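One structure is given below, encoded as structure tokens.
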Amino acid sequence: MKTIEVKSRFHNYPIYIENNLLKSLRDYLDVNRFYVIVSDDLIPETYVNLVREVCENHLFISFPSGEQSKSFEQMERIISIMQDHNVTRDACLIALGGGVTGDLSGFVAATYQRGIDFIQIPTTLLSQIDSSVGGKVAINTEKAKNSVGNFYAPIMVLIDPLTLNTLPERHFNNGMAEMIKYGMIYSKPLFEFIESNNVKNHLEYLIEQSLLIKKYYVENDEFESSLRQILNFGHTYGHAYESLYRFEKYLHGEAISLGMLRVCDNIDIKSRLESILNKFQLPIFDEATEEMLLPYVKKDKKNRKDALNLIVVNEIGKASIQKVIK
Ligand code: GLY
Numbered sequence: 026m027k028t029i030e031v032k033s034r035f036h037n038y039p040i041y042i043e044n045n046l047l048k049s050l051r052d053y054l055d056v057n058r059f060y061v062i063v064s065d066d067l068i069p070e071t072y073v074n075l076v077r078e079v080c081e082n083h084l085f086i087s088f089p090s091g092e093q094s095k096s097f098e099q100m101e102r103i104i105s106i107m108q109d110h111n112v113t114r115d116a117c118l119i120a121l122g123g124g125v126t127g128d129l130s131g132f133v134a135a136t137y138q139r140g141i142d143f144i145q146i147p148t149t150l151l152s153q154i155d156s157s158v159g160g161k162v163a164i165n166t167e168k169a170k171n172s173v174g175n176f177y178a179p180i181m182v183l184i185d186p187l188t189l190n191t192l193p194e195r196h197f198n199n200g201m202a203e204m205i206k207y208g209m210i211y212s213k214p215l216f217e218f219i220e221s222n223n224v225k226n227h228l229e230y231l232i233e234q235s236l237l238i239k240k241y242y243v244e245n246d247e248f249e250s251s252l253r254q255i256l257n258f259g260h261t262y263g264h265a266y267e268s269l270y271r272f273e274k275y276l277h278g279e280a281i282s283l284g285m286l287r288v289c290d291n292i293d294i295k296s297r298l299e300s301i302l303n304k305f306q307l308p309i310f311d312e313a314t315e316e317m318l319l320p321y322v323k324k325d326k327k328n329r330k331d332a333l334n335l336i337v338v339n340e341i342g343k344a345s346i347q348k349v350i351k
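Sequential numbering from 26 applies to the sequence shown in this note's numbering.
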């Protein structure tokens, strides 16, 4: 088992990474607690059953899978079910699933009766290496992704890399885009490891390496005043692609792949980035023009009053924040 401790202004919390962890949940959870387990309707039933069996006292809430569920409507629905069941402040919410589940139910946990404990059990590569750690929870509005949310740290993150065996290939590759991003912004060795190995044979190691990078940014700038913005390399245009196509054409990581390429000026880096994205069937071209993307780029949360903050990589493993005057 690998353990990473994340320091947070809320409370420090552990991340446990272990093959087959879902089968030994009793070792991690306080079985006497009341849990609200939230999952989408596409999660394999076996995972839900494993958690439900261990949490004897629980309320299970399912919601329709997909980015569209990160909405006021779903949030209100989940809260209303919790209220109908008289869920009290000492309950703990378990977010079981991918990034949408963690973001949506984490925001419910952050706001329900001014905040209840929550545990992340991410079951997709993207949520295991990124969204389950760092405390960002949010929903979308019609106008912009993640525009209503908060920072709210989980009390624990439980990762079972074997859940990735049931993940469709497109969704596995979706997570690889974020891992490639970590290599681009912080670690040339990680980038080169991904380039030259069969990643599926090294998942525990790669998840740990990715999370150590995430930990560095989160611990040094938890509320994203500056440094943490670097984690958003590729996201300014990535979010613009997602919004332009109303979250229908691309998965998050696919849009981020295009977003990373869009801000890459150096020909050598761009060509290496294209090759590694190709290795995971991630998109490297989209016909959208700058003019079509700009309205969405302007809504990016990294923007300040008179400048756009763009994350750039001039050398693999090193990123910086570039101010572009509006
Ligand atoms: N996914 C970027 C961050 O957590 O800051």
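All C-beta atoms, glycine included, are put in the ideal place defined by N, C-alpha and C.
Since this is a predicted model, take the numbers as computed values, not measurements.
Taking 9 Å as the cut-off, decide whether the C-beta atoms of residue i and residue j are in contact.
{"i": "Ile164", "j": "Phe97", "result": "yes"}
{"i": "Phe176", "j": "Lys161", "result": "yes"}
{"i": "Leu189", "j": "Leu237", "result": "no"}
{"i": "His83", "j": "Tyr60", "result": "yes"}
{"i": "His260", "j": "Asn199", "result": "no"}
{"i": "Ile219", "j": "Ile301", "result": "yes"}
{"i": "Gly131", "j": "Ile146", "result": "no"}
{"i": "Ile141", "j": "Asp109", "result": "no"}
{"i": "Leu118", "j": "Ile184", "result": "no"}
{"i": "Val79", "j": "Arg34", "result": "no"}
{"i": "Met100", "j": "Val133", "result": "yes"}
{"i": "Tyr321", "j": "Leu269", "result": "yes"}
{"i": "Glu92", "j": "Phe216", "result": "no"}
{"i": "Val349", "j": "Gly159", "result": "no"}
{"i": "Pro17", "j": "Ala120", "result": "Residue 17 falls outside the range modelled here, since the chain spans only 26 to 351, and no answer is possible."}
{"i": "Asp155", "j": "Glu203", "result": "yes"}
{"i": "Ser90", "j": "Asp66", "result": "yes"}
{"i": "Ile309", "j": "Leu283", "result": "yes"}
Using a threshold of 8 Å, is the CB atom of residue i nearer than that to any non-hydrogen atom of ligand 1?
{"i": "Lys170", "result": "no"}
{"i": "Ser156", "result": "yes"}
{"i": "Tyr177", "result": "no"}
{"i": "Leu256", "result": "yes"}
{"i": "Arg34", "result": "no"}
{"i": "His264", "result": "no"}
{"i": "Val243", "result": "yes"}
{"i": "Gly131", "result": "no"}
{"i": "Glu279", "result": "no"}
{"i": "Glu249", "result": "yes"}
{"i": "Gly159", "result": "yes"}
{"i": "Lys295", "result": "no"}
{"i": "Lys239", "result": "yes"}
{"i": "His83", "result": "no"}
{"i": "Arg195", "result": "no"}
{"i": "His110", "result": "no"}
{"i": "Arg287", "result": "no"}
{"i": "Leu227", "result": "Just to set this straight, residue 227 is His in the shown sequence, not Leu. No, since every heavy atom of ligand 1 falls outside the 8 Å radius drawn around the Cβ of His227."}
{"i": "Arg102", "result": "no"}
Can you tell me whether residue i is helix, strand or coil according to DSSP?
{"i": "Leu236", "result": "helix"}
{"i": "His36", "result": "coil"}
{"i": "Phe305", "result": "coil"}
{"i": "Val224", "result": "helix"}
{"i": "Ser87", "result": "strand"}
{"i": "Leu54", "result": "coil"}
{"i": "Pro147", "result": "strand"}
{"i": "Glu315", "result": "helix"}
{"i": "Phe272", "result": "coil"}
{"i": "Ile68", "result": "coil"}
{"i": "Phe176", "result": "strand"}
{"i": "Glu340", "result": "strand"}
{"i": "Glu81", "result": "coil"}
{"i": "Tyr211", "result": "coil"}
{"i": "Val112", "result": "coil"}
{"i": "Gly259", "result": "coil"}
{"i": "Lys48", "result": "helix"}
{"i": "Gly127", "result": "helix"}
{"i": "Phe197", "result": "helix"}
{"i": "Asp246", "result": "coil"}
{"i": "Asn190", "result": "helix"}
{"i": "Val158", "result": "coil"}
{"i": "Val133", "result": "helix"}
{"i": "Asp293", "result": "helix"}
{"i": "Val288", "result": "coil"}
Kindly identify the DSSP beta-bridge partner or partners of residue i.
{"i": "Lys27", "result": "Ile42"}
{"i": "His264", "result": "Note: His264 sits in no beta bridge, so no partner."}
{"i": "Gln347", "result": "Leu335"}
{"i": "Leu118", "result": "Val61, Phe143"}
{"i": "Leu183", "result": "Tyr41"}
{"i": "Ile164", "result": "Val173"}
Does residue i have its Cβ less than 9 Å from a Cβ in chain B?
{"i": "Phe310", "result": "Although the question refers to chain B, the structure presented lacks it and comprises just one protein chain."}
With three or more beta-carbon pairs closer than 8 Å as the criterion, would you say the region 66–81 touches the region 196–214?
no
At least three beta-carbon pairs within less than 8 Å, the region 329–348 to the region 274–294
yes
Counting pairs of Cβ atoms below 8 Å between the region 248–258 and the region 46–55, do you hit three or more?
no
Can you find at least 3 beta carbon pairs, one from the region 225–241 and one from the region 316–324, that sit closer than 8 Å?
no
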